[in-house]
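>
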DNA sequence: AAATTTTACGATATCGTTTTCGTTATTTTT
DNA sequence: AAAAATAACGAAAACGATATCGTAAAATTT
């Protein structure tokens, strides 16, 4: 049962290929009776159009790329799921790529997409991404981009984020209200707008409560897990030991837990921990983790919806737009007052 | 900077399209000097071949589909990552689809893939999948399939699994050795081979240790989270309350934790819990969860490697092969002797 | 020097669709 | 009844890349 094409159908029906094509696309140029015959045979033989022929002809691939830093993170998975939901509604397919937070890999992926393999791109930047030519190139090649979470302000397009400043503020204030005085911030990357906003919110809360900002409590983490473990260990055993940690991303909070287990620091007695996180098991951790949870699924849905809106119009320039959703603070044991 | 094609290059160089094509593919028919000129111009203008034209011509899309029941599960994510790693090496792209464990959705996805959109498929079946025509159709249409984890014995192809019988046995014996006498098994689906094998291993261990099999301790769970919560709650509050639970999949173990928290059952004092799981946070849970961890990343890599081996040979019939990897038992607090 | 091979390239068909433009009949309008 | 419009279809040109033929000139062999 090798694949059947329009020519096969045409031959069997003794009509032309073009008529078959039109019949299947329900053109008014074809008589109703002929259409019926065509449709019947197509169904019987299980005809299904070759997608790539159509893509070539129409210059549209009904495919988008979704580029995320990693997959082993529920936030991105939920966002992808959200985007996939919308994609299915629009009969689009999603190619998933991961950068492993590596700028070079990100550039390599985008350059592979320059050739029209996808109609559009949804991306959350790698933490090491420090310039944006690979992205402007893509847009200039006619491939629209929508950002989510790890966005890039420098590029004019739609960007879906959460209220990171307010959330950073809220998280920090929550720690302060529960008695913390020396709050450390675990930063993931100075390149990322979201990290900066979260940090600014953290500073602002400290200011409001007349706590002096101590830059030594801002720990710069990276993409290297072992280095991060060392940084956190040093922070927690060094002279500027904090009484609370605000982790900008989930991975750093989990490392904090691991380090605390290892060196015998008790959460929340000795150290309170709060983190941005979409972890399903936050409530089951020891102790349960107080989180700021982003509406990841919704973010993915919105990103895809906006992209498809422009693709339908065949416009590659997306109007600049900042869509900001609200994150939610869920208070659990890791920040309990003692 | 609209897209540039072979014709554009040919015009600028005053040679034919076919020569340009051959030059770029490093054909011996083209003089070295000409090749250099062509390559230089291609580089300068950022030429990148239209993938779909090549797909149409070659009847190969350099794309495979990966179908998984869900993405919010570290096992599948790791498997996907493994497959992606291999795909990148082979210059292949991966289309990711999720069935949400829904048989109908799985059928819908496979039927969409019948038209040559992908060259091959890697799949882990939905738990509700009860017949396999949609899969044999795919193979008959010339699209090879490789299974991983949730496989289908009825179809002749390559299947990557883990030693589920042995692992089920080991898990159960571990519970017995730590003093459990009434061990419940949380089953995810009777359709799934892996579930049956895990259960058989469970039975075998009970037999070995002269513990009578009690079918009332085998709890059939489903795809409905609320129903599962109720089932587990009934199990734990009913007349046949077990002193240990062996969860066939991670999701059920987490629900068990949640239910125990809610109704005040203490793990491991009142109930020991062991589960198949690739959860990163297993060690950080309260209590830390004893797990049987499958080599998911490796499974994905192997599945992709086998598939690409056949795709390179342009063979759509994959020789039947059962590749069985070993899972690993990691003992933690949830099964501690008391 | 004639015959043969090699080199380096071009013309063209092909992959499977879609779409524009003809081209007949047939129907409607004047 | 002549003119115009419409209905229903077919031929053919794209879309962009590739591979199979040719073919002319140059190089080699006899």
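Chains as they are written, first to last, in this note's numbering: chain D, 226 to 563; chain L, 226 to 563.
Ideal Cβ placement from N, Cα and C applies to all residues, glycine included.
Nearest chain D C-beta to residue 250(L) closer than 8 Å, yes or no?
No, residue 250(L) does not count as interfacial toward chain D.
> Starting from residue 547(L), follow the beta strand (DSSP E) in both directions and report where the run begins and ends.
That run of the beta strand (DSSP E) goes 546-550.
> At a CB-CB cut-off below 7 Å, which residues of chain D make contact with residue 482(L)?
Ordered by position in chain D, the residues that pass the 7 Å Cβ test against residue 482(L) are 509.
> With 8 Å set as the bound, which would you pick, yes or no: does the beta-carbon of residue 292(L) sit closer than that to a beta-carbon of chain D?
Cβ-Cβ to chain D under 8 Å: no for residue 292(L).
> Are the CB atoms of residue 478(L) and residue 469(L) within a distance shorter than 8 Å?
No, Cβ-Cβ distance for residue 469(L) and residue 478(L) is not below 8 Å.
> From residue 229(L) to residue 411(L), what does the alpha carbon distance come to, in whole angstroms?
Whole-angstrom Cα-Cα distance: 58 Å.
> Going by C-alpha distance, which of 413(D), 496(D), 559(D), 285(D) is nearest residue 367(D)?
The option with the nearest alpha carbon to residue 367(D) is 285(D).
> Three or more C-beta pairs under 8 Å: does that hold for the stretch 373-387 of chain L against the stretch 319-328 of chain L?
The stretch 373-387 of chain L vs the stretch 319-328 of chain L: no contact.
> Evaluate contact between the stretch 523-532 of chain D and the stretch 483-495 of chain D, counting only Cβ atoms and requiring at least three cross-stretch pairs below 8 Å.
Short answer: they don't touch.
> Taking just the CA atoms, how far does residue 465(D) sit from residue 646(D)?
One cannot answer for residue 646(D) here, as it falls past the ends of chain D, which runs 226 to 563.
> For residue 324(D), does the three-state DSSP call read helix, strand or coil?
If DSSP states are grouped into helix, strand and coil, residue 324(D) belongs with coil.
> Does the separation of the CB atoms of residue 364(L) and residue 348(L) fall below 8 Å?
No. Outside cutoff.
> From the DSSP output, in three-state form, read off residue 254(L) for me.
Coil at residue 254(L), not helix or strand.
> Give the straight-line distance between the Cα atoms of residue 294(D) and residue 418(D), rounded to the nearest whole angstrom.
Their backbone Cα atoms lie some 15 Å apart in a straight line.
> Between which residues of its own chain and residue 513(D) is the CB-CB distance below 7 Å, once the five residues before and five after are set aside?
Around residue 513(D): 507, 557, 558, 559.
> Check whether the Cβ of residue 342(L) lies closer than 8 Å to any Cβ atom in chain D.
Yes, residue 342(L) lies at the interface with chain D (some Cβ there is under 8 Å from its Cβ).
> Helix, strand or coil for residue 535(L), going by three-state DSSP, please let me know.
Three-state result, residue 535(L): helix.
> Does DSSP put residue 263(D) in a helix, in a strand, or in coil?
Looking at residue 263(D) - three-state DSSP - the assignment turns out to be helix.
> For residue 462(L), count the other beta carbons within 10 Å of its own beta carbon; 16 or more makes it buried, fewer makes it exposed. Which is it?
It counts as exposed.
> By a C-beta neighbour count over all protein chains shown, 10 Å radius and 16 as the cutoff for buried, is residue 226(D) buried or exposed?
With a pLDDT of only 48 at residue 226(D), under the threshold of 50, the placement of this residue in the model should not be trusted; the figure read from the coordinates follows. When all chains shown are included, residue 226(D) counts as exposed.
> Is DSSP giving residue 466(D) helix, strand or coil here?
Coil at residue 466(D), not helix or strand.
> Return the residue from the list 250(L), 352(L), 259(L) that minimises the CA-CA distance to residue 238(L).
For residue 238(L), the nearest C-alpha among the options comes from 259(L).
> Exposed or buried, which one is residue 265(D) when buried takes at least 16 other CB atoms within 10 Å?
Result: exposed.
> Within the continuous alpha helix (DSSP H) that includes residue 343(L), where are the two ends?
Looking at the DSSP string, residue 343(L) is not in any alpha helix (DSSP H), and its letter there is neither H nor E.
> In chain order, which alpha helix (DSSP H) runs of at least 4 residues are fully inside the stretch 403-485 of chain L?
DSSP runs (the alpha helix (DSSP H)) wholly in the stretch 403-485 of chain L: 418-433, 450-462.
> Specify, as a first and last residue, the run of the beta strand (DSSP E) that residue 515(D) falls within.
Element bounds for residue 515(D): 515-518.
> Closer than 8 Å between beta carbons: that is the criterion. Which residues of the stretch 250-284 of chain D meet it against chain L?
Answer in chain order: 271, 273, 274, 275, 276, 277, 278, 280, 281.
> Considering only the alpha carbon of each residue, which of 247(L), 316(L), 338(L) lies closest to residue 271(D)?
Nearest of 247(L), 316(L), 338(L) to residue 271(D), Cα basis: 338(L).
> Using alpha carbons as the reference points, say which of 503(L), 511(L), 501(L) lies closest to residue 494(L).
It is 511(L).
> Is there a Cβ of chain D sitting closer than 8 Å to that of residue 305(L), yes or no?
So, interface residue.
> Taking C-beta pairs closer than 9 Å, name the residues in chain D that residue 309(L) reaches, listed in chain order.
Going along chain D in sequence order, the residues near residue 309(L) (Cβ under 9 Å) are 296, 321, 322, 323.
> Can you pull the DSSP bridge partners for residue 384(L)?
DSSP output for residue 384(L) lists 372(L), 547(L) as bridge partner(s).
> Just mark residue 251(L) as buried or exposed, buried being the case when its beta carbon has 16 or more other beta carbons within 10 Å.
It counts as exposed.
> Where do the N-terminal and C-terminal ends of the beta strand (DSSP E) with residue 205(D) fall, by residue?
Given a span of 226 to 563 for chain D in the structure shown, any question on residue 205(D) remains unanswerable.
> Count the other CB atoms within 10 Å of the CB of residue 400(L); is the residue buried (16 or more) or exposed (fewer)?
Buried is the call here.
> By DSSP, does residue 295(L) sit in helix, in strand, or in coil?
Residue 295(L) falls in the coil class under three-state DSSP.
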